[in-house]
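Okay, so here's the structure we're looking at.
Protein chains: 2
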Amino acid sequence: MSLPLHVRVAEILRAQIADGTLPVGSALPSESALCATHQASRGTVRAALAALRNEGLIAGGRGRPPVVRDTAVVQSFETFMSFTAWAHDIGRTPGQRTIEIARRGASAIAAVSLEIEEGTPVVDVLRMRTLDGVPAMIERSSFIEPVGRLLFDFDSDSGSIYAYLTGQGVDLHEGRHTIDAVAATDVDAAHLDIDPGSPLLRERRRAVDHSGKPLEYADDRYRPDRVAFTIDNTHPAANGAAPDIRIVKEIS
Amino acid sequence: MSLPLHVRVAEILRAQIADGTLPVGSALPSESALCATHQASRGTVRAALAALRNEGLIAGGRGRPPVVRDTAVVQSFETFMSFTAWAHDIGRTPGQRTIEIARRGASAIAAVSLEIEEGTPVVDVLRMRTLDGVPAMIERSSFIEPVGRLLFDFDSDSGSIYAYLTGQGVDLHEGRHTIDAVAATDVDAAHLDIDPGSPLLRERRRAVDHSGKPLEYADDRYRPDRVAFTIDNTHPAANGAAPDIRIVKEIS
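Those protein sequence lines, which keep their order, are chains A and B. For the record, in the first sequence the residue sitting at position 231 is 231 according to the UniProt record's numbering, with numbers rising by one throughout. For the record, in the second sequence the residue sitting at position 89 is 89 according to the UniProt record's numbering, with numbers rising by one throughout.
Below, the structure written as structure tokens:
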């Protein structure tokens, strides 16, 4: 499959950073040089640089070429919080179908995570997410009511809830993601086109604001034949260098 | 459950680093000050400092107090490569029972990962791993023959294969870990005391040496009610700070 040019340009720059062609501390070529090298438009080059900046690989760049700041890609905050942003980042087309959006009392599990009483009103969203049109994940989110109520003015079939909420000024500052495995329920199975009881890769997420107040509890279940997580790590040098670790969510 | 003192001392120091009581660049209190504060022996304090050093939180310290170098813990290379080291790091007692160790032709999957022809001799190890005596994981490793043959001189019921091999000079330099979910086979189920078909959290690992040559392909299957992976991430500051990410394997 042919990837968009900005994804390929970003891949080439990542490889040059990783192999030392562009060492830490060095400046990247100018935007116009990158346009010429990759036969790309300025918009394409800027999209590639934005991806690297998000990943923490480069910094600076207001009016001058950005500088390499790290050799290890870590998946950006946004692409770890947003299925839509992640899919775009890897050059795939995300999609979604809303199965249900409901204001109801918090479940026991959501209540613990959101630090509210069980039964306190929350907004629950259940969506099936696709990659290039193929079912990949079942997403269940519970938002505290003041945040979730914003979703009744949003077409949740249209794209990223994360982008919409942050655009509305919701302070989704920090996420804790817990990864385990779970058997598909009948609902999961029907929407993901698998047998009930099949193993699913589950990512539960608790998102809090700057003050540590919980805003969202989510339970995302991926078809493991479609999405996996990878972690690369390297032995620290004998001189006590920091451990080098890189984590990404990727297509299986 | 009461954790060993060195684990608790490390936890307290991590919290002080995380909350800024010990900011990046500052020196830690001296070993004797730490001994007095925590009513701990010098060995205990040194074990706690070794854990923080492994995690990349502190650096230096030859003859003077170490300095805080980062606020984000990443799980150390060693504890990500070795179940034994990981269990010790979190204050649990690891155990193992070897089910099989065999020299045989590489499976198709191992062969691809090890970059050898299918059927080329490898050494396969199948072990059941326990935490505090309770079955937690089924470990399947395939080593290239020159590495795996060292294991016929090792009592694989006695502890860490990783520690043994690195002690023998094997250059396990870099690991790629792929995390997904898989249904328990009859063998998995029997040893982990669950029903066949139950979802397991799987971590596949490919370990290579400095030159990139594959040495080991592993398939570790965890009971998700016993072990999960967590990833913490924080929104980068508007000034373009590096994304802050922390990944750990932990008790469910």
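Each residue gets a CB set at the ideal place from its N, CA and C atoms; glycine is no exception.
What is the DSSP secondary structure of residue i, counted as helix, strand or coil?
| i | result |
| --- | --- |
| serine 113/B | helix |
| alanine 106/B | coil |
| arginine 8/A | helix |
| asparagine 239/B | Caution is warranted here: a pLDDT of 39 is assigned to asparagine 239/B, below 50, making its placement in the model unreliable, and no coordinate value can be reported. |
| leucine 52/A | helix |
| serine 32/A | helix |
| histidine 173/B | coil |
| valine 147/A | helix |
| aspartate 153/A | helix |
| glycine 43/B | helix |
| glutamate 118/A | coil |
| isoleucine 90/B | coil |
| threonine 98/B | strand |
| leucine 22/A | coil |
| methionine 1/B | With a pLDDT of 49 at methionine 1/B, under the threshold of 50, the modelled position of that residue is not reliable, and no figure is offered here. |
| arginine 127/A | strand |
| arginine 14/A | helix |
Check whether the Cβ atoms of residue i and residue j lie closer than 7 angstroms to each other.
| i | j | result |
| --- | --- | --- |
| alanine 181/B | leucine 172/A | no |
| valine 68/B | alanine 40/B | no |
| residue 257/A | glutamate 139/A | Nothing can be reported for residue 257/A: it is not among the residues displayed for chain A, which extend from 1 to 252. |
| phenylalanine 154/B | tyrosine 164/B | yes |
| aspartate 193/A | methionine 137/A | no |
| glycine 119/B | leucine 3/B | no |
| serine 198/B | alanine 184/B | yes |
| threonine 234/B | threonine 178/A | no |
| serine 156/A | isoleucine 101/A | yes |
| serine 113/A | arginine 176/A | no |
| arginine 42/B | cysteine 35/B | yes |
Should residue i be labelled buried (16 or more other beta-carbon atoms within 10 Å of its own) or exposed?
| i | result |
| --- | --- |
| glycine 148/A | buried |
| arginine 204/B | buried |
| serine 82/B | buried |
| histidine 88/B | buried |
| proline 196/A | exposed |
| isoleucine 144/A | buried |
| isoleucine 58/A | buried |
| glutamine 96/A | buried |
| valine 123/B | buried |
| glycine 56/A | buried |
| glutamate 216/A | buried |
| arginine 104/B | exposed |
| residue 254/B | Because chain B here runs from 1 to 252, residue 254/B falls outside it and cannot be looked at. |
| serine 32/B | exposed |
| aspartate 186/A | exposed |
| alanine 48/A | buried |
| arginine 223/B | buried |
| proline 23/B | exposed |
| serine 211/B | exposed |
| aspartate 188/A | buried |
| glutamate 78/A | buried |
| arginine 202/B | buried |
| threonine 21/A | exposed |
| proline 146/B | exposed |
| serine 30/B | exposed |
| phenylalanine 80/A | buried |
| glutamate 174/B | buried |
| valine 208/A | buried |
| alanine 228/A | buried |
My understanding is that residue i touches residue j, with C-beta atoms under 8 angstroms, so please give their C-beta distance in whole angstroms.
| i | j | result |
| --- | --- | --- |
| isoleucine 161/A | leucine 126/A | That pair is no contact at about 12 angstroms. |
| proline 65/B | alanine 27/B | 5 angstroms |
| threonine 44/B | leucine 5/B | 5 angstroms |
| aspartate 132/B | threonine 93/B | 5 angstroms |
| alanine 108/B | serine 142/B | With a Cβ gap of about 11 angstroms, alanine 108/B and serine 142/B do not count as contacting. |
Let me know the beta strand (DSSP E) ranges lying completely inside the stretch 157 to 218 of chain A, each 3 residues or longer, listed in chain order.
174 to 183 and 199 to 208
Contact residues within the stretch 14 to 44 of chain B, judged by C-beta distance below 8 angstroms to chain D
You won't find chain D in this structure, because its protein chains are A and B.
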